[in-house]
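So the sequence shown is residues 1 to 326, counted in the numbering used here.
Idealized CB from N, CA, C, for every residue including glycine.
Notes follow the structure.
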Amino acid sequence: MTKNALKKMLSATVGLIIIFFLLRHVWTYWDILKNSKVSIKWTMILFSYFFGLLSFFIYSLAWHFMLRSDGMSVRFAVSNYMLTKGNLGKYIPGRVWQFVGRLYFFNDIGFSKARIIMIAALEQYFLMLSAFLIFGISFLFFQNILNNAFLIYLKIIIIVGLITGFLSLHPKSIVFWNRIFLKLTKREDLQIYISTKYIVLLISLYFIYWITIGLSVLFLIKGGLNIPVKYMLFVVGSNAIAYFVGYISFIIPNGLGVREGVLTYLLELFIVKGLGAVISILSRIMLVIEEIGYFILAFAFYKYMTKNISAESIKIKNQLSKQLIK
């Protein structure tokens with residue numbers, strides 16, 4: 001067995017083990033779940049799907065502006081489709097395939113591999129930083145409401161983390177981390193320069209991204225449960241930090257199992273035991289359905305726009321030809 005095959009088997013096994021324990025957790029509280037008042041509200045499920053699609057759009061829009069910040073000119077229809085298609089590689093064990101796909105598709109349309117690597121690294125910086133900030137803010141609102149000693153003791157760490165996080169948005173901080181990245185990769189061609197204007201724009205977009213994807217989970221919950229309004233922000237923050245932890249689990253494809261475990265723990269701080277695991281697993285299924293749906297929309301939009309561009313180019317050429325004949 002090759003090293004690569006062994007790694008894939010290990011990552012799949014870890015993910016399946018976590019899923020197994022989540023399902024066992026559901027089974028432990030099955031009697032309680034059967035007596036829970038759960039009624040499906042399909043309108044809420046549709047809202048969940050809509051916000052999921054919207055989150056992918058915001059994510060793609062942030063990538064597009066990140067390319068623009070580096071002086072790369074490309075139509076949104078093209079960058080959106082290439083990004084969405086490349087990101088499907090995240091379901092292959094090993095986070096690298098998501099970026100390999102992205103690297104290949106953007107390089108195929110003329111972009112430097114070095115610049116795409118640098119933009120992808122910057123994307124992860126903003127993505128993870130914004131996820132932590134969203135969770136930190138929501139935690140400060142709820143640390144007195146949630147009766148859990150472990151989370152309450154995290155208050156100081158969260159406050160320090162928030163201060164550090166906001167300071168990390170300064171251009172000098174980004175330059176500092178960029179230098180460390182250059183030393184680790186030994187690639188001087190991976191330097192990046194980004195203005196304060198784009199920093200504000202990008203962090204705002206990623207904040208909106210985490211809010212919309214959190215709202216997708218929230219409406220999925222409301223599709224079966226009536227949860228108090230006061231917990232809405234906490235659901236958004238919990239989903240963000242769950243993704244954060246799952247995302248840094250490089251060995252597992254798309255954080256499979258890890259994200260569900262973290263989200264289950266946080267959700268079950270205020271809902272019925274066992275139901276948090278059901279919701280986290282259902283949210284993973286919904287996420288896959290949303291990503292497939294958005295890929296279809298991105299492909300259709302790409303085909304429509306490129307067709308219109310081609311038709312417009314032919315029209316201009318014909319007009320020039322007529323003018324030359326005259």
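My guess is that residue i and residue j are in contact by the Cβ rule of under 8 Å, so how many angstroms apart are they, rounded?
| i | j | result |
| --- | --- | --- |
| I213 | I194 | Their Cβ separation, rounded to whole angstroms, is 24 Å, which puts I213 and I194 out of contact at 8 Å. |
| I192 | L129 | I192 to L129, Cβ: 15 Å. No contact. |
| I279 | L205 | Not quite, the Cβ-Cβ distance comes to about 27 Å (not below 8 Å), so this is no contact. |
| F301 | I203 | Actually they do not touch by this definition, with Cβ atoms about 26 Å apart. |
| L103 | K113 | 6 Å |
| L267 | G276 | 4 Å |
| Y49 | A298 | Wrong, their Cβ atoms sit about 16 Å apart, outside the cutoff. |
Using only CA atoms, which one of the options lies nearest to residue i?
| i | options | result |
| --- | --- | --- |
| I161 | K172, V229 and F139 | Note on identity: in this sequence residue 161 is Gly, with Ile being the wrong assignment. Nearest of K172, V229 and F139 to G161, Cα basis: F139. |
| M66 | L54, S79 and I134 | S79 |
| I241 | T264, Y304 and D108 | T264 |
| G52 | Y209, L154 and F176 | Y209 |
| F141 | G237, L46 and I109 | G237 |
| Q124 | T43, V245, F299 and Y49 | V245 |
| F57 | Y294, M305, R284 and E260 | Y294 |
| V74 | I109, F50 and Y49 | I109 |
| V272 | G224, M305, T306 and L88 | G224 |
| F384 | I227, L233, L182 and P228 | For the chain, the structure presents residues 1 to 326; residue 384 sits outside this window and is missing. |
| V258 | Y81, K172 and Y243 | Y243 |
| I119 | L133, I159 and F181 | F181 |
| R328 | T164, E260 and F76 | In the structure as shown, the chain begins at 1 and stops at 326. Residue 328 is therefore absent and cannot be evaluated. |
| S69 | N87, V100, G101 and Y198 | Y198 |
| T43 | S216, G165 and L88 | S216 |
| L169 | N87, V235 and T196 | T196 |
| L54 | G101, N87, K155 and E291 | E291 |
With 16 as the cutoff for other CB atoms within 10 Å, does residue i come out buried or exposed?
| i | result |
| --- | --- |
| I157 | exposed |
| K222 | buried |
| L320 | Its pLDDT being 36, under 50, L320 is placed unreliably by the model, and the measurement read from it follows with that caveat. L320 comes out exposed. |
| A131 | buried |
| L274 | Looking at the sequence itself, residue 274 is Gly, so the reference to Leu does not match. Buried. |
| S60 | buried |
| W63 | buried |
| T84 | buried |
| F176 | exposed |
| Q98 | buried |
| K230 | exposed |
| L167 | exposed |
| V200 | exposed |
| I116 | buried |
| G71 | exposed |
| N239 | buried |
| R179 | exposed |
| I32 | Caution applies to I32, whose pLDDT of 48 falls short of 50 and renders its modelled position unreliable; the model cannot decide the point. |
| I211 | buried |
| L184 | exposed |
| K307 | exposed |
| L218 | buried |
| Y247 | buried |
| L46 | exposed |
| N226 | exposed |
| I159 | exposed |
| F134 | Sequence check: residue 134 is Ile here, not Phe. Burial call: buried. |
Can you give me the start and stop residues for the alpha helix (DSSP H) that residue i sits inside?
| i | result |
| --- | --- |
| S216 | T196 to K222 |
| M72 | Neither: M72 is in no alpha helix (DSSP H) and is coded neither H nor E. |
| G89 | No alpha helix (DSSP H) contains G89, which DSSP labels as neither H nor E. |
| G235 | One detail in the question is off: residue 235 reads as Val in this sequence, not Gly. First-last of the alpha helix (DSSP H) with V235: M232 to Y247. |
| K273 | Segment: none, K273 is in no alpha helix (DSSP H) and carries neither H nor E. |
| L267 | V258 to L267 |
| K155 | K155 to L167 |
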